[in-house]
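Chains as they are written, first to last, in the working numbering: chain A, 20 to 134; chain B, 75 to 188. Cβ coordinates follow ideal geometry from the N, Cα and C atoms, glycine included. Fair warning: this is a prediction, and the values are worked out from it, not measured in the lab.
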Amino acid sequence: AQSVTQPDIHITVSEGASLELRCNYSYGATPYLFWYVQSPGQGLQLLLKYFSGDTLVQGIKGFEAEFKRSQSSFNLRKPSVHWSDAAEYFCAVGGVRTSYDKVIFGPGTSLSVIP
Amino acid sequence: DVKVTQSSRYLVKRTGEKVFLECVQDMDHENMFWYRQDPGLGLRLIYFSYDVKMKEKGDIPEGYSVSREKKERFSLILESASTNQTSMYLCASQVERALNQPQHFGDGTRLSIL
């Protein structure tokens with residue numbers, strides 16, 4: 020069955036440090052991949068998306084993600100974290116054809132930033 | 075920018091009450107969705123709609139119903155609220171039924187059933 024895993028439930032980094040959030044998916048065809056961020060008390064905001072082409076995708080707020088088909092991964096990175104990046108991050112895979120065009124969300128990774 | 079507005083940020087209701095959660099989008103999107111979000115479980119799809127007066131069940135429709143009388147508005151209804159429906163509810167819209175189109179989310183309604 021199709022699934023999305025985010026191995027890290029919670030990550031703490033120092034402000035200014037680099038960040039990598041992991042995402043692995045299980046899906047037979049080429050997936051449509053998304054990263055969303057949810058700030059406290061807010062809805063989900065799209066950070067970036069990948070459908071095809073260059074496997075390194077740039078997003079908003081200085082984030083990027085790299086699609087690696089051989090590893091079924093779509094990890095999110097940021098070279099220097101700001102305190103305002105503290106939030107919940109969700110990886111999602113679309114293009115999953117069932118009875119409808121399903122989007123599967125991972126369980127999320129909570130990011131804390133130490134000043 | 076797409077604006078998805080959920081009528082309440084916080085809501086407290088009692089067991090057995092009929093509860094309405096309202097969602098409005100301002101971008102003429104065809105698709106609308108209702109999710110619930112629980113710690114450790116991520117987002118789970120309750121219902122979705124691809125057109126006015128059209129609805130389809132998602133993964134966890136039990137105990138819920140929906141209404142879409144106008145394109146911009148999608149309502150989630152808890153016919154008889156129960157404590158296990160205490161959760162964060164997120165509404166989303168999408169421009170069309172296309173795999174590469176992202177969903178746009180409202181700020182959520184945190185619902186407590188006492």
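Counted within 10 angstroms of its Cβ, other Cβ atoms place residue i as buried (16 or more) or exposed
i                 : result
Arg88 of chain B  : exposed
Met128 of chain B : exposed
Ile28 of chain A  : exposed
Leu75 of chain A  : exposed
Lys19 of chain A  : Here chain A comprises residues numbered 20 to 134, so residue 19 of chain A is not present and cannot be evaluated.
Glu170 of chain B : exposed
Gln77 of chain A  : exposed
Met106 of chain B : buried
Pro134 of chain A : exposed
Leu117 of chain B : buried
Trp108 of chain B : buried
Candidates the options, of which the one nearest residue i by Cα
i                 : options                                : result
Asp104 of chain A : A:Gln64, A:Gly125, A:Thr49             : A:Gln64
His178 of chain B : A:His101, A:Gly62, A:Pro26, A:Gly127   : A:Gly62
Pro126 of chain A : A:Ile133, A:Cys110, A:Glu83            : A:Cys110
Gly90 of chain B  : B:Phe148, B:Asn105, B:Ser186, B:Ser154 : B:Ser154
Thr157 of chain B : B:Ser81, B:Lys92, B:Gln80              : B:Lys92
Asn174 of chain B : A:Leu67, A:Leu95, A:Val56              : A:Leu67
Glu104 of chain B : B:Cys97, B:Tyr124, B:Tyr163, B:Leu188  : B:Tyr124
Ala48 of chain A  : A:Asp73, A:Arg88, A:Gly72              : A:Arg88
CB of residue i within 8 Å of CB of residue j, strictly
i                 : j                 : result
Cys165 of chain B : Val76 of chain B  : no
Ile120 of chain B : Ile134 of chain B : yes
Gln99 of chain B  : Ser167 of chain B : yes
Val132 of chain A : Val32 of chain A  : yes
Arg41 of chain A  : Gln25 of chain A  : yes
Cβ neighbours of residue i in the same chain (closer than 7 Å, five flanking residues each side left out)
i                 : result
Ser161 of chain B : Arg110, Gln111, Asp112, Leu185
Ser139 of chain B : Ile151, Glu153
Gly132 of chain B : Leu119, Ile120, Tyr121, Phe122
Same chain, Cβ closer than 8 Å to residue i, neighbours up to 5 away in sequence not counted
i                 : result
Val126 of chain B : Arg142, Glu143, Lys144, Lys145
Arg83 of chain B  : Asp181, Gly182, Thr183, Arg184
Gln57 of chain A  : Leu63, Gln64, Ala106, Glu107, Tyr108, Phe109, Gly127
Tyr51 of chain A  : Lys68, Tyr69, Phe70, Val112, Gly113, Gly114
Met101 of chain B : Val76, Lys77, Ser167, Val169, His178
Residue i at chain D interface by Cβ criterion, 8 Å
i                 : result
Phe148 of chain B : In the structure shown, chain D does not exist; the protein chains are A and B.
Close-in-space but distant-in-sequence residues of the same chain around residue i (CB under 6 Å, 5 per side omitted)
i                : result
Glu39 of chain A : Asn94, Arg96
Residue i CB to nearest heavy atom of the ligand NAD below 7 Å
i                 : result
Ile120 of chain B : Although the ligand NAD was asked about, the structure shown includes no ligands whatsoever.
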